[in-house]
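All the letters of the sequence shown, read from the start, carry residue numbers 33 to 157 under this note's numbering.
Cβ coordinates follow ideal geometry from the N, Cα and C atoms, glycine included.
Read the structure below first, then the notes.
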Amino acid sequence: MRVDKYLWCIRYFKTRSIATKACKEGKVRVNGDLIKPSREIYPMDKITVRKNQINYQLVVLDTPDSRIGAKLVDIYRKDITPEESLQKLDLLKYSKDYYRKKGTGRPTKKDRRDIDGWFTDDSEE
Numbered sequence: 033m034r035v036d037k038y039l040w041c042i043r044y045f046k047t048r049s050i051a052t053k054a055c056k057e058g059k060v061r062v063n064g065d066l067i068k069p070s071r072e073i074y075p076m077d078k079i080t081v082r083k084n085q086i087n088y089q090l091v092v093l094d095t096p097d098s099r100i101g102a103k104l105v106d107i108y109r110k111d112i113t114p115e116e117s118l119q120k121l122d123l124l125k126y127s128k129d130y131y132r133k134k135g136t137g138r139p140t141k142k143d144r145r146d147i148d149g150w151f152t153d154d155s156e157e
């Protein structure tokens with residue numbers, strides 16, 4: 033089975049075209065080698081997927097015939113991602129809560145008041 037199809041089947045990517053794009057950009061490695069999306073995978077291959085700033089590591093146990101349900105994913109892969117990598121994901125969630133993304137529109141009233149608080153001088157009050 034192709035590696036892009038496998039990653040789509042076991043629900044690491046939402047669409048197969050996203051999985052193909054990740055392979056082309058070098059975010060997927062099989063046994064430590066950069067690969068093309070058409071690379072065939074076999075049981076006991078080690079796949080490293082860089083997604084959301086985390087390197088997920090998994091071992092292929094079997095190849096599914098088609099896309100499978102989320103509850104059946106563990107039949108076809110074994111997740112060997114280190115625990116400290118998964119803890120980084122929690123830190124990233126907390127760090128994103130406090131910043132507005134560029135281009136998200138006008139500031140809200142609260143944002144404007146906070147900005148005005150930076151520029152007002154305490155001697156004026």
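Thinking just about the alpha-carbon of each residue, which of K83, R145, D36 is nearest to the one in S117?
From the listed residues K83, R145, D36, the smallest Cα separation to S117 is found for K83.
Compute the Euclidean distance between the alpha carbons of R43 and L123, then round it to the nearest angstrom.
So the two alpha carbons sit approximately 23 Å from each other.
So does the stretch 102 to 122 actually touch the stretch 143 to 154, counting three or more Cβ pairs closer than 8 Å?
Contact fails: fewer than three Cβ-Cβ distances are below 8 Å.
Of the residues T152, D97, K53, K110, the one placed nearest S70, counting alpha carbons only
Nearest option by C-alpha distance: K53.
Closest by CA to V81, which one among L93, R99, G149, D111?
The shortest Cα separation from V81 among L93, R99, G149, D111 belongs to D111.
If you check the beta carbons only, do V92 and I73 fall under 7 Å apart?
In terms of Cβ geometry, V92 and I73 form a close pair [threshold 7 Å].
Locate the alpha helix (DSSP H) running through I107, then write down its first and last residues.
Taken as a continuous stretch (DSSP letters only), the alpha helix (DSSP H) holding I107 covers 105 to 108.
One or two residues paired with I79 in a DSSP bridge
BP columns for I79 point to V62, L90.
Sheet register partners of D143 (DSSP bridge):
D143 pairs with nothing; no bridge assigned.
Along the chain, where does the alpha helix (DSSP H) that runs through R48 open and close?
Start and end: 48 to 56.
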